[in-house]
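Peer 1: Protein sequence lines, in the order shown, are assigned to chains L and V.
Residues in the first sequence are numbered from 590 upward in steps of one, following the working numbering.
Residues in the second sequence are numbered from 63 upward in steps of one, following the working numbering.
Here a beta-carbon is modelled for each residue, glycine too, at the ideal position from N, C-alpha and C.
All values derive from a computational prediction rather than experimental measurement.
Mind looking over this structure? Questions follow.
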Amino acid sequence: MGARFCLPALLAGALCSGATVAHADPVGGARAEPVGSQLPHVQASLGVRLSKVADAGFDPFADSDELVQVSLGLGATLFRHQRWSLAAVGFWDYGERSSTARGSATSLDVHRLTVGPELRYQLLTPLYLFAHALPAFAHTQASLEDNVAGVPRYARDWSYGVEGAAGAAFEVYGMRSGAVFRPRLWAIAEGGYGYLGSSRLLLSPDSGEGPQRTSAVDLGSVSLSGPYLRVSAALSF
Amino acid sequence: MCGALALGCGGRPSTWDESFIPADSGSGLAAAYGLTGSVAVLDTSLGRVTLLNSPAALKLGSRSLALGTDLAAARVSTDRKTLFALSRGVQPQRKADDERPQLMLIDGGTAPKVLQTYTLTEPMSQLVLDPKNEWAVVYGASGVVQNPNELVLVDLSLTGADALSFNTLLSFGGSPKRFTFTAPLAVPGGDPRRFLIVERDFDLVLIDLADPGRDAVTVPFPKTDANTAGTSAQVVYDADAATIAVRVSGTTSVLLLQLAEPAMDGQDFSVVPNLVDVGGVPSTIDFVHNSLGLRLVALVGSSAVLVDPDTATTQSVQMPAAFTGIRRITNELNPAAVPSADGDVALLYGPNISQIAYFNLSGAPGALFRSIEPYDIGVSVKNVIDVPGETFFDRKILETPSQQFYVLDLTTRESAPMRTNGGLTLEVAPDGERVWAYNPGQPGFASVDFASLHPVSLIAERPVSNVFDIEGVNGQRTAVALHLNPGTIDGIGATVLDAFAPSTANARFYSGLELGGVK
């Protein structure tokens with residue numbers, strides 16, 4: 590969590606100072622790179638996504654509105670022109686919340702997959718800004734430990750949506766690009782809003798479990814829409 | 063940074079953290095109440111009631127209604143159409159808008175809703191209902207200073223503060239113990255009027271419901287034969303004769319109170335007391351009619367003592383056994399019968415004898431009675447349960463202290479014994495077509511159809527706490543076998559069956575009903 594709070598200040602400092610980053614030169618000493626050369630060709634990231642889910646349907650599964658997910662990302666540059674580039678990116682976010690609903694244990698597992706284009710602009714040598722609008726697909730599994738039926742109940746559903754975000758990536762370590770592909774390490778922060786349609790919460794025991802002809806428990810629906818922050822570390826080539 | 067802080071806010075309503083714990087009998091509340099078209103399950107931790115209804119065959123719907131804060135008592139009206147909920151409200155009151163004590167009426171039909179709410183001035187803990195649904199009484203204040211003899215009478219035909227009458231009973235000591243709402247008594251010199259009879263430790267109070275604010279009449283009980291303070295054991299009345307009889311514990315005398323014309327100015331009526339010795343300590347009393355007119359019958363040992371309330375003369379009839387219970391069955395045998403003209407028929411029973419008897423008082427002119435017909439049914443009877451409705455009104459259910467019950471056909475005088483393999487709780491369907499038997503905490507239960515007397519045994523997949531027979535939205539009847547576990551953290555579950563053709567082969571199971579409507 591410390592990284593999440595420190596990163597904006599770090600980015601702001603970079604923007605204000607226009608500082609360049611000293612890069613290890615495979616041949617000789619440190620030197621400045623030309624702007625635009627650092628934009629990643631391919632990139633993999635690992636981070637944390639923090640979403641705020643204000644929907645009341647989230648309440649049975651969590652005693653607060655936050656949904657923290659681990660986030661894996663992949664990206665590849667498709668087109669580059671001077672400081673600008675267009676990349677294809679994708680993220681898989683996974684997280685779970687658990688709680689009790691009136692004494693019954695509950696949990697909500699969320700997988701979210703987003704894939705789409707990302708526009709990048711290299712503002713400074715070690716810093717590029719980006720924005721993306723990505724179609725989103727989410728799979729939720731809600732569970733309720735039914736004390737009366739004596740079995741867990743589940744509701745599994747897909748939902749679809751879109752999310753838009755903007756952020757910045759700061760190169761914390763890298764080689765000069767160009768003739769030789771060498772790894773670069775990035776610290777990335779983004780914020781945006783993710784819209785997802787509602788998932789139905791009709792919770793039923795798995796087939797063959799529980800009393801015969803058990804009717805579903807209807808907890809309505811949950812929408813995981815809401816603002817989010819994602820901080821991650823990325824490795825690019 | 064701002065975004066991060068914004069994401070860090072937000073919680074959920076605390077109601078999600080309140081476990082559902084079904085009420086247990088120790089709290090004075092039942093976990094569930096059967097109504098005509100719904101089942102009410104108390105959810106005291108959220109201060110609400112969840113009403114289960116049947117929108118279609120084998121379907122169970124639920125709706126939760128907020129009750130007042132700190133529920134003190136809940137009762138179902140005699141016709142099962144209304145649930146009454148008495149709450150103490152927020153105590154102590156700190157703000158002007160703190161919830162006040164209240165009495166809430168909830169329609170228990172197929173579309174449950176709040177019918178009426180009466181706001182009270184002080185928190186009360188006890189609730190008594192009029193079988194005719196005209197009055198309710200709340201009492202039992204719980205403030206710093208308590209007046210145990212203060213009654214609040216609620217006229218259910220009115221709304222708001224106009225409905226409330228505050229009545230403090232003058233006392234020779236003691237507090238209210240039992241209440242009896244009478245039918246309209248034909249008081250000489252006035253219109254028939256209903257009374258509320260309040261039995262206290264040492265006296266009885268008559269409140270004229272035509273003018274409840276007027277001073278009540280207090281009548282002390284006679285002392286016991288051992289010269290100690292007498293207490294009331296039973297109160298009965300006859301509406302046409304405007305006569306009340308009180309069985310006083312520990313004495314061979316019965317107190318008769320005849321309501322008569324006013325004896326002085328300012329009275330609407332007067333009370334003429336009379337103490338009649340019936341020759342032994344009676345086990346029960348009731349009013350009956352024979353060819354000689356109205357008589358009070360007192361069961362004393364193996365005798366039935368008939369008392370003429372006008373002259374206080376007594377006549378004794380030898381019984382075949384020492385019956386201790388009596389139930390008039392005149393109109394069950396013949397709905398068109400007029401007891402005052404035709405004489406009564408009474409069913410005699412007792413928890414310590416294995417006989418029942420039909421006591422026919424419709425004898426020839428001048429005769430005390432026509433016949434006493436005993437039947438040895440092999441088991442004792444602790445209670446007689448009426449069957450409502452118009453189809454099987456001539457049936458009675460004889461509840462025994464053992465694990466069986468009898469369905470008694472009063473017309474044919476045939477009894478059908480029903481044996482069970484566990485304890486027994488009986489629930490007669492409000493339509494009067496069948497009776498449900500179950501043993502709380504066990505999965506087995508059964509339905510006995512009065513037409514065929516065929517028992518259908520059913521085994522639910524979870525232990526059954528209650529069985530209720532409710533009317534569905536489309537006129538179907540639905541049996542709701544609740545799965546509650548009073549006093550423990552649990553949920554609301556139910557097995558739902560077609561009451562006309564109950565079968566676990568097509569029953570549906572519902573649970574998680576406590577989660578509905580949580581906000």
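Can you grab the Cα-Cα spacing for the pair L/V769 / L/S788, in whole Å?
Peer 2: For L/V769, the pLDDT reaches just 47, beneath the cut-off of 50, and the residue's location in the model is therefore unreliable, although a value from the coordinates is still provided. In a straight line, the C-alpha of L/V769 is about 48 Å away from that of L/S788.
Peer 1: On the DSSP bridge assignment, give the partners of V/Q320 in chain order.
Peer 2: V/T305 and V/V334
Peer 1: So what does DSSP say about V/F571, is it helix, strand or coil?
Peer 2: strand
Peer 1: Using three-state DSSP, classify V/R402 as helix, strand or coil.
Peer 2: Reading the sequence as shown, one finds Ser at residue 402 of chain V and not Arg. The three-state reading of DSSP puts V/S402 in helix, counting H, G and I together.
Peer 1: How close, in whole Å, do the beta carbons of L/V678 and L/E707 come, if the pair is a contact with beta carbons under 8 Å?
Peer 2: So it is a contact: roughly 4 Å between Cβ atoms.
Peer 1: Can you look up L/N736 in the DSSP assignment and give me helix, strand or coil?
Peer 2: In this structure, L/N736 counts as coil in the three-state DSSP scheme.
Peer 1: If you reduce the DSSP assignment to three classes, tell me which class V/N393 lands in.
Peer 2: helix
Peer 1: CA-CA distance, V/G123 and L/L792?
Peer 2: As the crow flies, the alpha-carbon of V/G123 is around 16 Å from that of L/L792.
Peer 1: Where do the N-terminal and C-terminal ends of the beta strand (DSSP E) with V/I434 fall, by residue?
Peer 2: S433 to D438
Peer 1: Scan the stretch 786–819 of chain L for residues whose Cβ lies nearer than 9 Å to a Cβ of chain V and list them as they occur along the chain.
Peer 2: L792, G799, P800, Q801, R802, T803, S804, A805, V806, D807, L808, G815, P816, Y817 and L818
Peer 1: Which partner residues of V/H351 appear in the DSSP bridge assignment?
Peer 2: V/L356
Peer 1: Can you find a CB in chain V that lies within less than 9 Å of the CB of L/S732?
Peer 2: no
Peer 1: So, at 7 Å on beta carbons, what are the nonlocal neighbours of V/V298 in its own chain, with the 5 sequence-adjacent residues on each side left out?
Peer 2: A307, I347, D348 and F349
Peer 1: Please check if any C-beta of chain V sits within less than 9 Å of the C-beta of L/E760.
Peer 2: no
Peer 1: Find the nearest neighbour of L/H700 within the set L/L813, L/S821, L/F826 and L/A823, judged by alpha-carbon distance.
Peer 2: L/L813
Peer 1: Does the stretch 569–577 of chain V come close enough to the stretch 146–159 of chain V to have 3 or more Cβ pairs within less than 8 Å?
Peer 2: no
Peer 1: For the 8 Å Cβ check, are there 3 or more pairs between the stretch 289–305 of chain V and the stretch 222–232 of chain V?
Peer 2: no
Peer 1: Report the three-state DSSP secondary structure of V/V495 (helix, strand or coil).
Peer 2: Looking at the sequence shown, residue 495 of chain V is not Val but Glu. Of the three classes helix, strand and coil, the one that applies to V/E495 here is coil, per DSSP.
Peer 1: What does V/R570 reach in chain L if we use C-beta pairs closer than 7 Å?
Peer 2: R802 and S804
Peer 1: Beta strand (DSSP E) containing V/S219: first to last residue?
Peer 2: In this chain, V/S219 is not harboured by any beta strand (DSSP E), its DSSP state being neither H nor E.
Peer 1: Under a CB-based cut-off of 9 Å, is L/P629 close to chain C?
Peer 2: As a matter of chain content, chain C is missing from the structure shown, whose protein chains are L and V.
Peer 1: If we count the other Cβ atoms within 10 Å of its Cβ and call it buried at 16 or more, is V/D590 buried or exposed?
Peer 2: Because residue 590 of chain V is not part of the residues shown, which for chain V are 63 to 581, the question remains open.
Peer 1: Could you tell me whether the Cβ of V/D79 comes closer than 9 Å to any Cβ of chain L?
Peer 2: yes
Peer 1: From L/S653, L/V637, L/A643 and L/R638, pick the residue whose C-alpha is nearest to that of V/S76; which is it?
Peer 2: L/S653
Peer 1: Would V/N80 pass as a contact of V/G130 if the rule is Cβ separation under 9 Å?
Peer 2: What sits at residue 80 of chain V in the sequence shown is Glu, not Asn. Their beta carbons are not under 9 Å apart, which means V/E80 does not touch V/G130 by this criterion.
Peer 1: Short check: CB of V/S461 to CB of V/L430, under 9 Å?
Peer 2: With the sequence shown as reference, residue 461 of chain V is identified as Glu, and Ser is not the correct amino acid for it. No.
Peer 1: Quick one, which of L/S804, L/S821, L/A651 and L/S825 has its alpha-carbon nearest L/R691's?
Peer 2: L/A651
Peer 1: In whole angstroms, give me the CA-to-CA distance for V/I551 and V/I459.
Peer 2: 35 Å
Peer 1: Alpha carbons only, please: which of V/L410, V/L368, V/T286 and V/P401 is nearest the one belonging to V/F264?
Peer 2: V/T286
Peer 1: Using a Cβ cut-off of 9 Å (strictly closer), state whether L/E685 contacts chain V.
Peer 2: no
Peer 1: Taking the DSSP output, what are the residues bridged to V/V267?
Peer 2: V/V260 and V/T280
Peer 1: Going by other Cβ atoms of all chains shown within 10 Å of its Cβ, with 16 needed for buried, is V/Y516 buried or exposed?
Peer 2: At residue 516 of chain V the sequence reads His, which differs from the Tyr that was named. Answer is exposed; the Cβ neighbour count stays below 16.
Peer 1: Which term fits V/S219, buried or exposed, when burial requires 16 or more other beta carbons within 10 angstroms of its beta carbon?
Peer 2: V/S219 should be labelled exposed.
Peer 1: Looking at the secondary structure, which residues open and close the beta strand (DSSP E) in which L/R686 lies?
Peer 2: W673 to A690
Peer 1: Give every residue of the same chain whose Cβ lies closer than 8 Å to the Cβ of V/P564, excluding the five residues on either side of it in the sequence, and list them in chain order.
Peer 2: S509, V518, L520 and A541
Peer 1: Can you find a C-beta in chain V that's less than 9 Å from the C-beta of L/V659?
Peer 2: Output row for L/V659: interface = no.
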